[in-house]
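Enquirer:
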Amino acid sequence: MKEPKIIAAQLISNREVYQMFNTVKKKVKKNPVFIMDKGKMDIVIISYADLVLVLNGELDKFELV
Numbered sequence: 099m100k101e102p103k104i105i106a107a108q109l110i111s112n113r114e115v116y117q118m119f120n121t122v123k124k125k126v127k128k129n130p131v132f133i134m135d136k137g138k139m140d141i142v143i144i145s146y147a148d149l150v151l152v153l154n155g156e157l158d159k160f161e162l163v
């Protein structure tokens, strides 16, 4: 069975992921978090409460430009 080639820069410990995720969770409770990849918008993380607002068309909380 072939395995993917992994370089050192791709490795991150469980602890580091956990610490970063807690920081992201705290930020998401206040505002959506936008993740960029190669200078382009890639992913948006929002809280469940904000998801419910979006699904119900209640976009007043979000500033649209």
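Count along the sequence shown from 1, then add 98; that gives the number in the numbering used here. Cβ coordinates follow ideal geometry from the N, Cα and C atoms, glycine included.
Do you know how far the Cα of E101 is from the Cα of N129?
Expert: Approximately 39 Å between the Cα atoms of the pair.
Enquirer: With a CB to CB cut of under 6 Å and the five nearest residues on each side skipped, what residues in its chain are close to K125?
Expert: Same-chain partners within the cutoff: V131.
Enquirer: By alpha-carbon positions, which one of I144, G155, K136 ends up nearest to K127?
Expert: For K127, the nearest C-alpha among the options comes from I144.
Enquirer: Please return the same chain residues whose Cβ sits closer than 6 Å to the Cβ of I141, not counting the five positions on each side in sequence.
Expert: Hits under 6 Å: I133.
Enquirer: Using DSSP's beta-bridge definition, name the partner residues of I133.
Expert: According to DSSP, which records beta bridges pairwise, I133 is partnered with I141.
Enquirer: Could you please give the first and the last residue of the uninterrupted alpha helix (DSSP H) stretch that includes K76?
Expert: With the chain covering only 99 through 163, there is no way to say anything about residue 76.
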